[in-house]
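Take a look at the structure set out below.
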Amino acid sequence: MASLADRVRDHGRIAAGLLFNLLVSICIVFLNKWIYVHHGFPNMSLTLVHFVVTWLGLYICQKLDIFAPKSLPPSKLLLLALSFCGFVVFTNLSLQTNTIGTYQLAKAMTTPVIIAIQTLWYQKSFSTRIQLTLIPITLGVILNSYYDVKFNFLGMVFAALGVLVTSLYQVWVGAKQHELQVNSMQLLYYQAPMSSAMLLVAVPCFEPVLGEGGIFGPWSVSALLMVLLSGVIAFMVNLSIYWIIGNTSPVTYNMFGHFKFCITLFGGCVLFKDPLSVNQECVASLRRRDFQELLSKVTEEDHYAASEGHHPADPGQKLRENRRKGVEEVKNQLIFNWFYEFLKG
1 MASLADRVRD
11 HGRIAAGLLF
21 NLLVSICIVF
31 LNKWIYVHHG
41 FPNMSLTLVH
51 FVVTWLGLYI
61 CQKLDIFAPK
71 SLPPSKLLLL
81 ALSFCGFVVF
91 TNLSLQTNTI
101 GTYQLAKAMT
111 TPVIIAIQTL
121 WYQKSFSTRI
131 QLTLIPITLG
141 VILNSYYDVK
151 FNFLGMVFAA
161 LGVLVTSLYQ
171 VWVGAKQHEL
181 QVNSMQLLYY
191 QAPMSSAMLL
201 VAVPCFEPVL
211 GEGGIFGPWS
221 VSALLMVLLS
231 GVIAFMVNLS
241 IYWIIGNTSP
251 VTYNMFGHFK
261 FCITLFGGCV
271 LFKDPLSVNQ
281 ECVASLRRRD
291 FQELLSKVTE
301 EDHYAASEGH
311 HPADPGQKLR
321 ENRRKGVEEV
331 KNQLIFNWFY
341 EFLKG
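Mapping the sequence shown onto UniProt numbering, position 119 (from 1) lands on 119, and the numbers just tick up by one.
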């Protein structure tokens, strides 16, 4: 009974983490778009601010004994730091050059790409049923791109690069936490300053530093406050991403991302007057339904894979294992169904 209570408590923690990530992720998308549209703050400079504030936030947490730093070899974090830079830079460039609807729909391709990476390089297998559920997601992205009245080639290049780098980043986040035996704060504490140093070198090559439009240019107080707020929220987003992937998986995190899509798509239509065609509305509805089906199959297969590693010695133990699997699956479905009904209104 105690183990059942522990599992319920764990699911409650995961649900709270997902909800927190939902709120801050939606805030960061709309806030960054507002900064680009109304203040014209440079993209890479904003990303650098995000990294610096993230590291400062973790430094404060460390001083408050919220977590204990763990010494890590920089060589083990180099690729992760590079992918972190690419992840934020390319997704922000995609947001800057595309409508919010196209930006969010392109991010949906992260799930198929992650599954491809885990299949090809990490020998993780996914059933034909899961692979088939990815077809509507891919078709939805293609349909949206075709019917987006603000479609532009450069924006789609940034979106494609963002999807590729984001997929690698999310897979490596989970892999590095297990490989180095660290939690989300310990990993991000070392990786954020490395990414900051990389961008500090790159920013002067691509953007002005002083004068009009530069990071140290004559910005208004309101613009600076918005940028600072964006940095604080980015810290929360980065930390919650690491926590979710470390406690679940990259695929689970991306499944939850389909929820955020529906809110940001219609939010972009309301706040920034991004046009929303009938086809895009159909795609949004399709993705909400497809999320339910894909999540159900991923959950089912995760439990099956976990049980296979135990090899129960007798029928009674196997029956208890199957019952435990059933309870886990029902609880997972209850958590995500609650989120689905919450967003559906």
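Glycine residues also receive a C-beta, built at the ideal position from the N, C-alpha and C atoms.
Would a C-beta distance cut-off of 8 Å place residue i and residue j closer than the cut-off?
i, j, result
"Leu19", "Ser230", "no"
"Tyr190", "Leu77", "yes"
"Leu80", "Ile117", "no"
"Val173", "Ser25", "no"
"Val53", "Val182", "no"
Please determine, among the options, the residue with the shortest C-alpha to C-alpha distance to residue i.
i, options, result
"Gly57", "Leu224, Gln186, Gln131, Ser222", "Gln186"
"Gln170", "Cys205, Phe41, Thr111", "Thr111"
"Gly17", "Ser240, Thr248, Gly246", "Ser240"
"Gly155", "Phe41, Ala81, Leu93", "Leu93"
"Pro69", "Leu210, Ser184, Gly213, Met236", "Ser184"
"Val113", "Leu134, Ser127, Asn98, Tyr103", "Leu134"
"Gly246", "Val29, Glu179, Phe87, Gly86", "Glu179"
"Val88", "Leu48, Ala202, Leu72", "Leu48"
"Asn152", "Ser75, Ile35, Thr97, Ala192", "Thr97"
"Pro74", "Pro193, Phe41, Tyr103, Thr102", "Pro193"
"Ser108", "Cys85, Val52, Val53, Ala159", "The sequence shown places Ala at residue 108, rather than the Ser named in the question. That would be Ala159, whose Cα lies nearest to the Cα of Ala108."
"Ala175", "Val53, Cys85, Tyr122", "Tyr122"
"Pro42", "Ile244, Trp243, Phe126, Gly213", "Gly213"
"Gly86", "Thr102, Gln177, Ile115, Ala202", "Ala202"
Hey, residue i and residue j are a contact pair by Cβ (cut 8 Å); roughly how many whole angstroms apart?
i, j, result
"Pro106", "Val163", "One detail in the question is off: residue 106 reads as Ala in this sequence, not Pro. Ala106 to Val163, Cβ: 6 Å. Contact."
"Leu64", "Val227", "Not confirmed; about 25 Å, so no contact."
"Ile28", "Ala234", "6 Å"
"Met44", "Leu199", "6 Å"
"His39", "Ala223", "4 Å"
"Val221", "Ile215", "Incorrect: roughly 16 Å between the Cβ atoms, too far for contact."
"Thr248", "Ile66", "Not confirmed; about 21 Å, so no contact."
"Trp34", "Ser196", "Their Cβ separation, rounded to whole angstroms, is 24 Å, which puts Trp34 and Ser196 out of contact at 8 Å."
"Leu143", "Phe90", "Going by Cβ atoms, the distance from Leu143 to Phe90 rounds to 23 Å, so no, they are not a contact pair."
"Ser127", "Thr119", "Rounded, the Cβ-Cβ distance is 11 Å, inconsistent with contact."
| said: Give the list of continuous alpha helix (DSSP H) stretches no shorter than 4 residues that lie fully inside the segment 140-207. | reply: List check, alpha helix (DSSP H) in window: 153-180, 184-206.
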